[in-house]
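If you're matching positions, the sequence shown starts at 96 in our numbering and goes up one per residue.
Backbone N, C-alpha and C fix where the C-beta goes; we use that ideal spot for every residue, glycine too.
On a predicted model such as this, the values are computed, not experimentally measured, just so you know.
A short worksheet on the structure shown next.
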Amino acid sequence: MTNYHLALFLERFNEKGDTTNLLLKVENVSKRSSLDQFYEILSSFYNGKCFYCGSVIKKNNAHVDHFIPWSFVQTDQLWNLVIACSTCNLSKSDKLAKELFLNTVIDRNEKLLSIQELRKREDMQVYNSKKLKDLYHYSVENGFTEFWVPKKIII
Numbered sequence: 096m097t098n099y100h101l102a103l104f105l106e107r108f109n110e111k112g113d114t115t116n117l118l119l120k121v122e123n124v125s126k127r128s129s130l131d132q133f134y135e136i137l138s139s140f141y142n143g144k145c146f147y148c149g150s151v152i153k154k155n156n157a158h159v160d161h162f163i164p165w166s167f168v169q170t171d172q173l174w175n176l177v178i179a180c181s182t183c184n185l186s187k188s189d190k191l192a193k194e195l196f197l198n199t200v201i202d203r204n205e206k207l208l209s210i211q212e213l214r215k216r217e218d219m220q221v222y223n224s225k226k227l228k229d230l231y232h233y234s235v236e237n238g239f240t241e242f243w244v245p246k247k248i249i250i
């Protein structure tokens with residue numbers, strides 16, 4: 096629906112006036128892809144534990160989760176991804192994790208940037224902590240007001 100409204104908006108500025116073509120382009124940009132490529136990098140930072148609740152998770156029960164929901168960011172960037180157990184990932188769904196998790200993601204990203212090969216990644220070159228904080232707060236201003244926390248946190 097968001098893409099449809101975007102296409103209608105852009106149609107006003109599109110001299111060809113072809114909404115169908117425009118919608119196809121918008122849909123292709125926003126298609127989700129597999130996050131498997133991020134699993135190996137991220138799993139080494141969590142020692143087999145869920146980012147949110149801290150429970151031990153096995154590889155077949157681990158999910159790569161968008162910290163700021165994909166429906167808002169619509170891109171797969173390492174700095175916005177965490178490892179979550181299936182319980183946390185499925186219950187979080189399209190919600191924004193409480194702000195207390197934001198600093199943990201920022202600290203983790205600083206560790207990622209301390210690794211030479213990861214710092215060279217294109218998605219990490221565009222990262223900075225202010226941008227992540229701003230994006231988090233901007234998502235709240237734009238309707239992501241249902242905050243999520245895991246039912247149980249293991250310390």
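Start and end residues, beta strand (DSSP E) containing Cys-180: Segment 176-180, the beta strand (DSSP E) holding Cys-180.
Cα-Cα separation, Phe-146 to Asn-204: Phe-146 and Asn-204 have their C-alpha atoms some 13 angstroms from each other.
C-alpha distance - Phe-162 paired with Glu-212, whole-angstrom precision: Straight-line measurement puts the Cα of Glu-212 at about 22 angstroms from the Cα of Phe-162.
Residue interval of the alpha helix (DSSP H) (run including Val-235): 224-236
Residue burial classification, Val-159 (beta-carbon count within 10 angstroms, cutoff 16): buried
Span of the alpha helix (DSSP H), counted from its first residue to its last, around Asp-202: For Asp-202, the uninterrupted alpha helix (DSSP H) segment begins and ends at 195-208.
Where the beta strand (DSSP E) containing Arg-159 begins and where it ends: The sequence shown places Val at residue 159, rather than the Arg named in the question. 157-161 is the span of the beta strand (DSSP E), which, as asked, contains Val-159.
Cβ shell of Ser-138 (< 8 angstroms), same chain only, five flanking positions each side left out: Lys-154, Ala-157, Ile-178
CA-to-CA distance, Trp-243 to Leu-173, given in whole angstroms: 21 angstroms
Buried/exposed call for Asn-175, threshold 16 Cβ in 10 Å: buried
Leu-191 - DSSP class collapsed to helix/strand/coil: strand
Where the alpha helix (DSSP H) containing Glu-212 begins and where it ends: 211-214
Backbone CA spacing between Gly-149 and Phe-196 [nearest angstrom]: Between Gly-149 and Phe-196, the C-alpha separation is close to 12 angstroms.
Host alpha helix (DSSP H) of Leu-137 (start-end): 131-141
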